[in-house]
Amino acid sequence: MKICVLVKQVPGSEAQFSVSADGSWIQETGLPFEMNESDNYALEEALQIREQKDEGEVVVVSLGPDRCQKVIREALAKGADRAIHIKEDAPYNTDPFSIATALANTIKDEKFELVLSGLQSDDLGFGQTGVILGEILGMTTATLVVGTEIQDGKIKVKRELESGWFQWQTMDLPASLAIQSGLNQPRYPSLKGIMGAKKKEIKESLFVDMCDIDGLQSFNGLSVQRAEKQTEMIEGTVDQVVSKLVDVFKNEIRIN
Amino acid sequence: MDILVVLEDKNGMIHRMSQEAITGAQRIGSEFNLSVGILAMGGNAAALSDQAAQYDVNEVLTLENEHLNHYTADGYGAAVAQVVTNENPKYVFFGHTYQVRDYVPRVSAKLKRPFLNDAVSYSSEGGNPVFSKQVLNAKLVAALQPNDGGTILISFQSAAFSSENIQSGSANVRSISVDIDSAEIKTVTEDPFQEEAGGVDLSSAELIVSIGRGIGKEENILLAQELANTIGAEIASSRPVVDSGWLPSHHQVGSSGQTVSPKLYLALGISGAIQHVVGMKGSKNIVVINKDPDAPLFELADYGVVGDMLEIVPKLTEALDR
Ligand SMILES: Cc1cc2nc3c(=O)[nH]c(=O)nc-3n(C[C@H](O)[C@H](O)[C@H](O)COP(=O)(O)OP(=O)(O)OC[C@H]3O[C@@H](n4cnc5c(N)ncnc54)[C@H](O)[C@@H]3O)c2cc1C
Ligand SMILES: Nc1ncnc2c1ncn2[C@@H]1O[C@H](COP(=O)(O)O)[C@@H](O)[C@H]1O
Numbered sequence: 220m221k222i223c224v225l226v227k228q229v230p231g232s233e234a235q236f237s238v239s240a241d242g243s244w245i246q247e248t249g250l251p252f253e254m255n256e257s258d259n260y261a262l263e264e265a266l267q268i269r270e271q272k273d274e275g276e277v278v279v280v281s282l283g284p285d286r287c288q289k290v291i292r293e294a295l296a297k298g299a300d301r302a303i304h305i306k307e308d309a310p311y312n313t314d315p316f317s318i319a320t321a322l323a324n325t326i327k328d329e330k331f332e333l334v335l336s337g338l339q340s341d342d343l344g345f346g347q348t349g350v351i352l353g354e355i356l357g358m359t360t361a362t363l364v365v366g367t368e369i370q371d372g373k374i375k376v377k378r379e380l381e382s383g384w385f386q387w388q389t390m391d392l393p394a395s396l397a398i399q400s401g402l403n404q405p406r407y408p409s410l411k412g413i414m415g416a417k418k419k420e421i422k423e424s425l426f427v428d429m430c431d432i433d434g435l436q437s438f439n440g441l442s443v444q445r446a447e448k449q450t451e452m453i454e455g456t457v458d459q460v461v462s463k464l465v466d467v468f469k470n471e472i473r474i475n
Numbered sequence: 076m077d078i079l080v081v082l083e084d085k086n087g088m089i090h091r092m093s094q095e096a097i098t099g100a101q102r103i104g105s106e107f108n109l110s111v112g113i114l115a116m117g118g119n120a121a122a123l124s125d126q127a128a129q130y131d132v133n134e135v136l137t138l139e140n141e142h143l144n145h146y147t148a149d150g151y152g153a154a155v156a157q158v159v160t161n162e163n164p165k166y167v168f169f170g171h172t173y174q175v176r177d178y179v180p181r182v183s184a185k186l187k188r189p190f191l192n193d194a195v196s197y198s199s200e201g202g203n204p205v206f207s208k209q210v211l212n213a214k215l216v217a218a219l220q221p222n223d224g225g226t227i228l229i230s231f232q233s234a235a236f237s238s239e240n241i242q243s244g245s246a247n248v249r250s251i252s253v254d255i256d257s258a259e260i261k262t263v264t265e266d267p268f269q270e271e272a273g274g275v276d277l278s279s280a281e282l283i284v285s286i287g288r289g290i291g292k293e294e295n296i297l298l299a300q301e302l303a304n305t306i307g308a309e310i311a312s313s314r315p316v317v318d319s320g321w322l323p324s325h326h327q328v329g330s331s332g333q334t335v336s337p338k339l340y341l342a343l344g345i346s347g348a349i350q351h352v353v354g355m356k357g358s359k360n361i362v363v364i365n366k367d368p369d370a371p372l373f374e375l376a377d378y379g380v381v382g383d384m385l386e387i388v389p390k391l392t393e394a395l396d397r
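Residue numbers (the numbering used here), protein chains in the order written: chain A, 220 to 475; chain B, 76 to 397.
Here it is in structure tokens:
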């Protein structure tokens with residue numbers, strides 16, 4: 220089975236942000252970047268499907284500036300067969316429709332049976348790219364996928380519903396699935412994998428050549444969240460903090 | 076109509092987040108002088124439509140079709156796209172539910188119209204509403220700019236509007252129809268089910284010690300466990316802890332897990348993503364320990380400590396034990 224995995228590079232969850240001078244995006248210098256969390260699970264699922272069947276190909280596609288090479292290499296080191304990098308420099312693209320269009324134009328002739336993406340990107344959080352891509356390419360789509368079973372010409376997926384409920388659904392192929400975290404345990408790259416990755420193909424193209432439409436939406440200013448509640452901050456050395464917490468627990472919250 | 080609210084069915088009742096979307100539509104409608112309609116569709120369309128007709132809106136549309144009796148992204152995507160084309164509203168409002176995540180991007184792609192997802196608030200600019208969403212791990216807020224030229228699809232984050240403020244009234248009901256070719260439905264769904272419950276009912280817990288990815292590694296869970304034992308609390312967690320296999324899934328608090336409202340919710344190394352927050356924001360006292368002073372959960376905290384939980388927790392256990 221030929222599988223495409225969409226992998227995005229995003230700032231790490233502990234990154235501190237400051238808004239750029241013109242208010243349009245953040246200052247990127249010095250930020251830690253990593254593979255989007257749910258994409259890591261999507262990649263693992265693709266690798267496991269390929270290994271179960273012992274045939275097929277896993278192709279990683281990432282759209283973004285040069286720094287994305289890091290996550291592309293990481294995916295190749297974990298076992299993806301080859302990669303496509305759609306290069307785009309700043310300003311940061313904030314339109315899921317044009318991102319999906321560029322991705323669709325890039326892969327449309329490859330005839331993938333399965334496209335796996337993450338459920339949502341941790342930076343922009345649209346939760347749309349993989350679904351729009353599927354619609355553009357005439358694929359079936361499912362999101363919040365927490366299990367897959369390949370069947371004859373079809374795929375059966377387990378979807379997460381709200382509050383701990385689940386549902387199975389069987390869909391025609393080709394399918395575009397947005398993967399929810401936790402459905403597998405993503406592997407770490409081996410030393411051999413890291414060495415082997417250097418020889419794998421990374422095809423490059425330019426975003427402007429792959430997207431022929433205007434975007435549907437953009438960001439118009441970024442600002443810092445405002446606090447909602449009056450928070451009493453407890454400060455001091457660890458021992459001071461601990462004794463104040465004990466006081467709060469016993470005398471304010473009265474935990475007995 | 077100018078604003079169309081698409082309802083979600085929750086076992087024959089209007090989903091809580093659809094009620095919030097109706098509240099938002101009523102408020103934005105009166106502020107910007109926009110008329111409001113509601114769309115009830117699917118197997119329970121009649122029941123939903125009866126409920127919707129008791130709200131103060133201009134019109135309720137009822138859509139029944141054999142291909143909509145069970146939810147599929149194929150069917151719902153096609154149906155809503157057709158209704159939007161026929162009715163041509165300025166805005167379509169949804170609650171940002173899991174179902175909306177699943178099919179509304181397809182409506183956006185079919186219509187080539189923007190889907191502003193997970194909006195938390197709006198403001199007024201040049202006589203029009205401007206919608207904002209959280210980005211970058213909820214640390215920043217972005218105002219969203221849709222392009223010109225037609226309908227804008229918007230989903231609202233849980234609690235963006237309070238359904239307690241929903242206005243009652245009475246609305247006309249109109250039946251509408253769509254054309255769905257059975258060849259378009261390429262998905263067969265089975266009945267929803269719950270995984271075996273693990274025996275921990277966090278919803279009735281008085282005291283909860285909850286751990287996030289900041290716990291670092293599996294062995295460290297013991298530190299939180301000792302603290303919980305000392306004060307007689309239950310252990311809960313954010314999703315990554317469950318995803319890593321460090322705790323069984325019934326410990327997870329949030330939109331995919333349990334909803335809790337203890338007297339004490341002690342959050343250790345949890346950043347405060349909305350999907351976690353919806354499960355614990357009703358807690359009476361929220362105490363947050365996080366080494367990042369910008370962690371969004373501090374905004375909900377009654378008491379906050381900026382510091383290393385791995386250093387603080389063992390000493391806290393010891394002090395409380397005395
Ligand atoms: C559809 C959907 C459903 C979801 N459902 C849920 C759900 O039900 N429940 C849920 O929790 N999440 C859910 N999520 C995931 C959610 O978006 C977040 O990714 C998750 O809540 C983050 O968990 P966290 O705060 O533990 O980890 P992170 O966001 O990685 O935060 C870790 C925090 O620990 C702090 N930290 C690190 N080390 C230390 C230390 N030594 N001492 C103190 N602090 C430290 C860091 O500063 C950081 O703030 C869902 C996501 C989606 C898209
Ligand atoms: N620039 C990108 N490059 C590669 N994949 C992407 C990109 N943007 C989004 N995706 C994929 O689409 C998923 C959903 O992203 P989003 O719609 O931004 O929430 C991500 O988890 C990725 O798998």
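Yeah, the Cβ is synthetic: ideal placement off N, Cα and C, and Gly gets one too.
- Our two residues, Leu-82 (chain B) and Gly-329 (chain B), have alpha carbons roughly 23 Å apart in a direct line.
- Rounded to whole angstroms, Ser-409 (chain A) and Gly-415 (chain A) show a C-alpha spacing of 10 Å.
- Interface annotation, Gln-444 (chain A): in contact with chain B, CB-CB separation under 9 Å.
- For Asn-203 (chain B), no Cβ of chain A is located within less than 9 Å of the residue's own Cβ.
- 9 Å or more divides the Cβ of Tyr-166 (chain B) from the Cβ of Ile-241 (chain B).
- Rounded to the nearest whole angstrom, the C-alpha separation of Val-465 (chain A) and Asp-396 (chain B) is 10 Å.
- Using beta-carbon distances, Ala-265 (chain A) does not count as an interface residue toward chain B, since no partner is under 9 Å.
- Under the Cβ distance rule, Ile-387 (chain B) counts among the residues neighbouring chain A, one pair being separated by less than 9 Å.
- Considering only beta carbons, no part of the segment 107-133 of chain B lies closer than 7 Å to chain A.
- Comparing C-alpha distances from Ile-103 (chain B) to each of B:Gln-350, B:Ile-387, B:Ser-324, B:Val-205 shows the shortest one belongs to B:Val-205.
- In the DSSP assignment, Leu-138 (chain B) is bridged to B:Met-116, B:Ile-251.
- The three-state secondary structure of Asn-475 (chain A), taken from DSSP, is coil.
- Note on geometry: alpha-carbon atoms of Glu-253 (chain A) and Gly-231 (chain A) lie some 6 Å from one another.
- Annotation for Gly-353 (chain A): the continuous alpha helix (DSSP H) segment containing it runs 348-355.
- For Lys-422 (chain A), the uninterrupted beta strand (DSSP E) run begins and ends at 421-425, by DSSP.
- Distance check between Gln-174 (chain B) and each of B:Arg-188, B:Pro-389, B:His-90, B:Ser-336 places B:His-90 closest, using alpha-carbon atoms only.
- Contact note: Ser-462 (chain A) reaches chain B through Ala-394, using a C-beta cutoff of 7 Å and chain order.
- Using a CB distance cut-off of 9 Å, Tyr-173 (chain B) counts as an interface residue toward chain A.
- Residues Ser-336, Leu-338, Gly-349, Thr-362 of the same chain have their beta carbon placed closer than 6 Å to that of Ala-397 (chain A), with the five preceding and five following residues left out of the count.
- For Asn-259 (chain A), the enclosing alpha helix (DSSP H) has its first and last residue at 256-272.
- Rounded to the nearest whole angstrom, the CA to CA distance from Ala-394 (chain B) to Val-461 (chain A) is 7 Å.
- For Leu-277 (chain B), none of the residues of chain A pass the 8 Å Cβ criterion, the least Cβ distance being about 11 Å.
- In the structure shown, the three-state DSSP call for Glu-329 (chain A) is helix.
- Put simply, the CB of Val-280 (chain A) is far from chain B, with every gap to its CB atoms at 9 Å or more.
- Interface annotation for the segment 297-315 of chain B against chain A: Ile-306, Arg-314, criterion Cβ-Cβ distance under 7 Å.
- For Ile-345 (chain B), the three-state secondary structure derived from DSSP is coil.
- Shortest gap from the CB of Ser-199 (chain B) to any heavy atom of ligand 1: 8 Å or more.
- Setting aside the 5 residues that flank it on each side, Ser-245 (chain B) is surrounded in the same chain by Ala-128, Gln-129, each with a C-beta closer than 7 Å to its C-beta; the list follows chain order.
- If only complete runs of 3 or more residues are kept, the segment 294-336 of chain B shows the beta strand (DSSP E) at 309-312, in order along the chain.
- Put simply, the segment 307-321 of chain B does not touch the segment 375-387 of chain B. Fewer than three CB pairs are less than 8 Å apart.
- For Lys-422 (chain A), the shortest C-beta to heavy atom distance toward ligand 2 is 8 Å or greater.
- At a cut-off of 9 Å between beta carbons, Gly-291 (chain B) makes no contact with chain A.
- DSSP places Phe-373 (chain B) in the helix class (H, G or I) of the three-state scheme.
- Judged by beta-carbon spacing, Gly-291 (chain B) lies beyond the 9 Å limit of Ser-312 (chain B), meaning their Cβ atoms are not closer than that value.
- Taking 7 Å as the upper bound on Cβ-Cβ separation, chain A lies near residues Asp-369, Pro-371, Phe-373, Glu-374, Leu-375, Ala-376, Asp-377, Tyr-378, Gly-379 of the segment 368-379 of chain B.
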